[in-house]
Structure formats: C-alpha cells, structure tokens
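Residue numbers (my numbering): 695 to 1609. Even for Gly, the Cβ is constructed at its ideal location relative to N, Cα and C. Right, one structure below, let's go through it.
Structure follows, in structure tokens:
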C-alpha cells in the first residue's frame, strides 16, 4: 500500500477503455463518452473483442497486444470473470494503472485451487507491480485535468474539495447535491471493493499533490487502521477533513468483524479515531455538505457561545433547543450589549437577553442594527440569523442588506432563511456571497456545533500537553513481561488475580490489600490479619477474563462472598466456593482465592477503566461508570493510545462520571486529575505490554483518599498492532560526550515543547538560518506542535538531552527525518546548539538516525544544505554522503544510499527527482 504509480490514474497522457461499445447499456461506452465530454486531452483507445473499427469515433482494437503504445491508464469495464487475466496481460504490457469498474456478486467465492476473483486480481497485480483501483468502483474524476473516467450521471465542476469514498452510488448522489450548491471538486474518487489501491493511499496522494482545501471522506469499513490513521492525521494537519461512516449500527455493519470486548457498539471506536485524527464526523450526507459549507466559509471560532437574532421568538426557541441538546452554549450578553439593545429598542420580547427577537415587523435595517450590536460583544463567538419572510422584510431584500453590511459585523455569521419559495433567492445570494446558509434553524445550529467540534479536535491535535505523570523503567517493563511470558509458556491466556495485581502495582495503580490462599486451612490462618468484614472471591479460568458480564447484572456473582466476619467463616467460604465451582464449572481448575477487607464508606464512586482490543484499531483505553451494572449503562468512552494528560482529560470530561464528580466532589480538580493519570498509566501499559489483550478494573473506587482497584482481570493475546504508533521506548540510549557529560539520545515526544522553546532561544541567527533557510526568531504554538507532535510511522526526531545535578534538563541538539509514504526517501535536518559544537553531538545524532532509517528499510536519505554552511558540509562528507550543487535552488544536495531497491517500481522512484 503506497502512492506508487498513482499519478498514472490522476494525470494520464493516454487511456484505453476495455469493454467499450456503442450499445446503450455498455458501461465502457458510457465511460468513453464521459472521457470525451469531459475534454480529455490525451490519446484514447477502445478495446473490445468484437473488433469494432471505432467506438464513438475512437479507434478500437481487439486485445491489449494490438494497442499502438502502452497507455498510462487502463479503464476496465469488461466482464469481471476475465479481469484477473486481463490485469496480468496489462502488467506484462507495461501498464502501470488499471481502473476496474466491473463488479459482481461473487468476488470472494473460492473456485477450487485458483482462489477467488479478488485473490487472483491481487496476485496478478503483484506480479508486475501494476496498481489496481477497483473492482466495483465508480471511477475517478479530476475536473482540473479534464479527466472523467467514470459512469457519473453529469459533468462535475472544478473546485477545491476532494471527495474520497467507498460507494459509487453515494458519490453520484454527492455530485448532484454539490451541483445544486455550486460546490466543485478537485478530485472525486470511489474505491469500491478495491483489492490494491485503498482509501489511505488516495488520502496520501491528495494530501501531497492536490490543491484541495477540504477532503470529504465516506467510509464503509477500515482494514488497516495504522495506515488509515497515519494518512488522515497527516491530511487533517494541512486541510479540513469531514467524514461520514455508514454501517454505524450492528444491523448495517457489513465488515463481519468480531465484537470488541467491553464495547457494545463498535461505532464509538470510529468516533474516537476521527476525534484523535482532527476529523469532523457527520451523521448523514446532507449534513456533510452543511458542515463543509460552514467550516470552509467561517473564520476560526474562539469558543462555543452562540447568539441568535430572529424576527420571531418561535423559530429562535427551536434553535436554542437544538443548541442546548447538542451541548452548545447560549451566549450571555455583556452589560454594554444589554444597554445598547435597550437603547435601540430593537428587541421586542426580552430586551437585552439572548435571543434577540426583532418582531414580525422588523425591517432589513433593524436586522443590520441588531447584528452590529450583537457581533461587537466579546462574549459572543458566532451569530445565527433566523428569518421568516414578511412583507416588511422579504427574505432576499434582508439577505442583501446583510451582505452589504457584512464588513461591519465582527463575528462569524450563519443564516437560516425559513421557507421554500421566497427563501430560495435569499439562500442563493448568501451562497454567492460566501455566507453559510441553511434551510432550518436546527440545521444551522448543527452546522455551528460541527465548527465547535472541529475546533476541539484540532486543538487536541496541536495542543502542547503537560509533562507525563508517570514513565516506566526498563526494570518495570522486564518484570511485567516476564510474568506474561511465564503465563503463556504454561499455556494460559489469562493472568491470575495476584499476577494482575503485581502488574497494576508496578504501573503505579494502587490495589486493595489482598491475600491469596489455596486451601481452607491457609485461609483460617491468613484471615486473622484482616480485622472487620471481609470479602472472598474464587479465581478460576472462567471468571478471570475481562469484560465477561452476566446476562442478569443485578445478580451478584456466585463466585463472591461478602461480609465474612470470622476466620472460621472465611475457611468455610473457601469450601463453599470450591464446591460450587466443582459443581457448576468442573472444566475450570481453581487458581486461588482472593481475600480482601470490605470497602465501604468514604463516599466512594465506582469507576470502570481498562484496556481492550479492537479487531481493526487494536488496543483501546476504556473508561466510564463502574459497578455490576456497567454493561447496561451508556457511559463508556474509548480512546486510542498513546494518551497524554490533555487527551485523557478530554476522554474523562465526556463521561457522566465527570459530571457527577463536578457536582458532588469536595475537590473535583483533584479527582479528575487522578482519573487522567490513571488513563495515561493504562496507555503506557498497553504500549509496553503488547501481549496484553484486555484489562478491566471494575470496580475501581475513587474517594478523598485517591483511587483503589478492588477487582480486576487481565487476558493475553498475540502482539498488538497499534492504530497510532506508541512512543518507541526501545530507541532510548545513554552515551558519553567528549566533555564527559552523560547524555540521553531518545525520540522526541509531545511533552518536549518547553525544551524545544528553550533550545531555540539559545541558537544564533546563523544556526537558525542554516536550519530553516530564513530567520525565525520565535516559535509559534503551531510550530511547537509540528515539531513535538510527530507521527512515528513516518517521522522520527532524536534529541540529545543532558540532565543537571538539580534534576533540570536541557536539549543539546536534534535531528529529524520525514519519510515519504512509500519509504523510498527520507529528508533530514539537524541543528546543534552553538556553544556545544565540536563535542561530537552532530555526528552522534546523524549516525543514530542513519542506523534507524536503515533498519526500517528506507532506501535513500537526502538533505539540503546552505552553501555557506561549511561545518555541515564537512560532517556530511565525513559520514559518506554524496554532495552536489543544486543550481535551481542554489543549495547543496546531500544524498546517502541506505538500502538497495528490491523491485522495479522502487528503482523507478529512486531514479526520479524527489517530490
């Protein structure tokens, strides 16, 4: 999966359509007609076994071998049964891109030893390296390149929006909707049931080469979560990304994926993934265009406070109901705004309050006057105008008045022109003027909330988090991994209660005081150490797996006895529980009995938290209200690790548990901080212990003394693949510099932003110029985010860090690389503090990075050096780089071959100039 050869799809100089004829029902004939109607500038051929001379005036040949030259793009519309052989022929002929529109109902049906049609298509593609988009795709449209290789029902206008989807019919509907709203596209592509080119490949290509300002995504399923998250996170840092997913309910989900333990509906996992990637999620196709209109036309918001100006109280109240139910805030006007509204006498219902009701006799002039007052209020982030047509204020006249005075309005403006006949003209002039407009107040509010959500997820994407509250040592990781390894060697898929407690304690998660016994006699002795009421639990293979809930949650588990007072009662309890397990679960051997003091009082809240594993997105952190009713409470939030304190705070803040804490806790900030720290520790555990499949802490008690895990279970599986690559702890190392300093060389992390800021202040103007090719005296918040929030799947940055005797740390230098999506080339940059040059830091960091890039299979490392940067040129020569003068850019290009290509397309990419 990569972007190799994708330019043959989007910028072909020639194309051949297979299966084209002049029959009315011919799919190939329809595609050929769209190519001609779209004004395709390259050479065209039709290919049909019937041996026509021409098809719609285009030269026709019978087979691939009869083509006069190798086409850049093959568009396949012939019967699907023959497509695998055709792809094989195309690959041998030298074609690099095949667009397969053909489809069928039995693509995955096995045909003896030959395999399914999909398998044979993929195998044929891999033999020659030809890229295949399809089968069952609608085709692709690039209006700016006069390319329409699709069966779209109408021409598509050029624009700055890229639509990438998995459904051809939905794309056709989107074309019609967009035409009605005067929206154009830079690219419009559907992948259908593609065997080779997948949606993340297209996202990467559009992100690198498209002029699009926004990307619309339609998803039915995700197969490779890491590839998807990497591509969409990169894209959302550069442009607006709006996504819609079908298959949100179990009834409409066609992915056939097994359920995620502990999560009733897997759709919440997509919610978490989109939020983590900085993507706005919408629920229906009409809402997608509303969100696009709002987000592409409005300036960034500073908050979520909405003011409403209407010529009637009824429509305004509808908007308020929708706003509050969606989690928005109704702005409270400042005293100055209230006084101005009173003085102007424009507000008819509740002067000085929000909403502003101008009354049924409001004129366009009164709307303008009210908006000038309201948009000047610092407590307002956006204003919604709700208008119903009247004789005194016709919709179009009022809309034109707002357009004429829009420069006097100091806040974002949204409009809802209610009605159909007269309102159409008002909406049309607002569209032309670039003012977001909607058919109803509720739709306008929903669009506003998309803007609020977008600001939230983008802030999380770029936010500089505080320092981590916890980090593991190699000793902790080794101890826990040894426990897991021992269990797997014994053939176990779970850890016992006592083993899980050891892991939790190692990661700083306190557990209830427990004793583990194996016989009534041992229980009689140990119980003497526990004064007061005690609880006893039997631990066996059937009840030490996480997220195994009873069908009747109100019934207390038969494996638990509570309020045992005396040692004799505890010993008897061991016998009773043992007999019950032997009777009900004879196949399960008893591992141990857990004895704990009863946990009562202190007004504790029961929390459920843990780790689970999704079949696509891998490890997830789960959090919500706990207790025995957890499986019937709709309060479980999920998040993709790795987490920092900012991300953990966002997860906690969206639960009912947080609302209860804010309402009833004596110190809400303390309790929420404890929960955030817990989630960060669980995230670290998931990253460190990749064999850990699931962990459930339920109940975990939260009270004034802190947190205490009372019951817990952990199971094991194969090593996990993360949707977002976690921090690579294994790349940390300690070295000694020429001056005797002990220095840690490690990958950078988001929490290093303060170190970067201090480091930048200590650089000379010349060093900054050598690194950035211009003077950059200060780093902005966005700069810090880009430098510290890196995607370890495609980027790497190693810093050299020195710790002083007082515990403070300083950054000495940093080396960075940016890999292309195909891992062919990586571009490096390096900068060392001026006062520390000559200590070997530059050579140390570069060698570390060269070794890393070589190990992950990168073929070539390149860098651009200013001509007068003589120390860097000397270092490159010392490290074996080939240096050549770049006449066009007037810099030195330094190139180092790391690995040899092992395929033709890799050699082709290496021989081409870097993008």
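Practice item. With DSSP collapsed to three states, give me the class of residue 771. Key: coil
Check your understanding: Where in the stretch 1499–1581 do unbroken runs of the beta strand (DSSP E), each at least 3 residues long, occur, reported from the N-terminal end onward?
Key -> 1503–1513, 1519–1526, 1554–1559 and 1576–1580
Point to revise | Close-in-space but distant-in-sequence residues of the same chain around residue 1575 (CB under 7 Å, 5 per side omitted) | key: 1588, 1589 and 1590
Review point. For the beta strand (DSSP E) that contains residue 1124, what are its first and last residues?
Key: Not the beta strand (DSSP E): residue 1124 falls in the alpha helix (DSSP H), residues 1115–1127.
Check your understanding: Is residue 991 helix, strand or coil by DSSP?
Key -> helix
**Study point:** Beta-bridge pairing of residue 1109 - partner residues as DSSP gives them
**Key:** 1079 and 1131
Check your understanding: How is residue 1604 classed by DSSP in three states: helix, strand or coil?
Key -> helix
Review point. So, residue 1119 versus residue 1090, is the Cβ gap smaller than 8 Å?
Key: yes
Review point. Mind checking residue 1361: buried by the 16 CB within 10 Å criterion, or exposed?
Key: exposed
Exercise for review: With a threshold of 16 other CB atoms inside 10 Å of the CB of residue 863, please say whether the residue is buried or exposed.
Suggested key: exposed
**Study point:** Touch test, the stretch 1104–1117 against the stretch 1038–1048, Cβ-Cβ under 8 Å, three pairs minimum
**Key:** no
Practice item. Using a threshold of 8 Å, state whether the C-beta atoms of residue 1265 and residue 1217 are closer than that. Key: yes
Point to revise | C-beta atoms of residue 1022 and residue 1142 nearer than 8 Å | key: yes
Point to revise | residue 1368, enclosing alpha helix (DSSP H) - first and last residue | key: 1362–1382
Practice item. Let me know the secondary structure DSSP gives residue 778 once reduced to three states. Key: helix
Point to revise | Where residue 764 falls: helix, strand or coil (DSSP) | key: coil
Check your understanding: Thinking just about the alpha-carbon of each residue, which of 905, 893 and 936 is nearest to the one in residue 915?
Key -> 893
Exercise for review: Take residue 1354 and list the residues in its own chain whose beta-carbon comes closer than 7 Å to its own, dropping the five residues that flank it on each side.
Suggested key: 1299
Review point. By how many angstroms is the C-alpha of residue 734 removed from the C-alpha of residue 848?
Key: 15 Å
Check your understanding: When the distance is taken between beta carbons, is residue 1329 closer than 8 Å to residue 1319?
Key -> yes
Check your understanding: Going by alpha carbons, who is nearest to residue 1073 out of 946, 764, 832 and 1031?
Key -> 1031
**Study point:** Start-end ranges of the alpha helix (DSSP H) lying completely within the stretch 1178–1217, minimum 4 residues
**Key:** 1191–1200
Check your understanding: Which word fits residue 1144, buried or exposed, when buried means at least 16 other C-beta atoms lie within 10 angstroms of its C-beta?
Key -> buried
**Study point:** Neighbour-count burial assignment, residue 1581, 16 or more Cβ in a 10 Å radius
**Key:** exposed
Check your understanding: Quick one: any contact between the stretch 916–929 and the stretch 1206–1221, if contact means 3 or more CB pairs under 8 Å?
Key -> no
Check your understanding: Where do the ends of the alpha helix (DSSP H) carrying residue 921 lie?
Key -> 919–930
Point to revise | Proximity below 8 Å, CB of residue 1303 to CB of residue 1376 | key: yes
**Study point:** Proximity winner among 883, 1540, 774 and 989, relative to residue 1128 (alpha-carbon distances)
**Key:** 989
Review point. Between the Cα of residue 1139 and the Cα atoms of 1103, 1174, 1517 and 1076, which residue gives the shortest distance?
Key: 1076
Review point. If we ignore side chains and look at the alpha-carbon of each, how far apart do residue 1413 and residue 986 end up?
Key: 40 Å
Review point. What are the boundary residues of the alpha helix (DSSP H) that includes residue 973?
Key: No alpha helix (DSSP H) contains residue 973, which DSSP labels as neither H nor E.
**Study point:** Residue range of the alpha helix (DSSP H) that includes residue 1461
**Key:** 1459–1466
Practice item. List the DSSP bridge partners of residue 912. Key: 938
**Study point:** Minimum length 3: unbroken beta strand (DSSP E) runs contained in the stretch 1399–1433
**Key:** 1400–1403, 1406–1410 and 1427–1430
Practice item. Can you grab the Cα-Cα spacing for the pair residue 1426 / residue 1542, in whole Å? Key: 10 Å
Review point. According to the neighbour-count rule (16 or more other Cβ atoms, all chains shown, within 10 Å of its Cβ), is residue 1609 buried or exposed?
Key: Only weak support is given to the placement of residue 1609: the predicted model assigns it a pLDDT of 44, under 50, and the value that follows is read from those uncertain coordinates. Answer is exposed; the Cβ neighbour count stays below 16.
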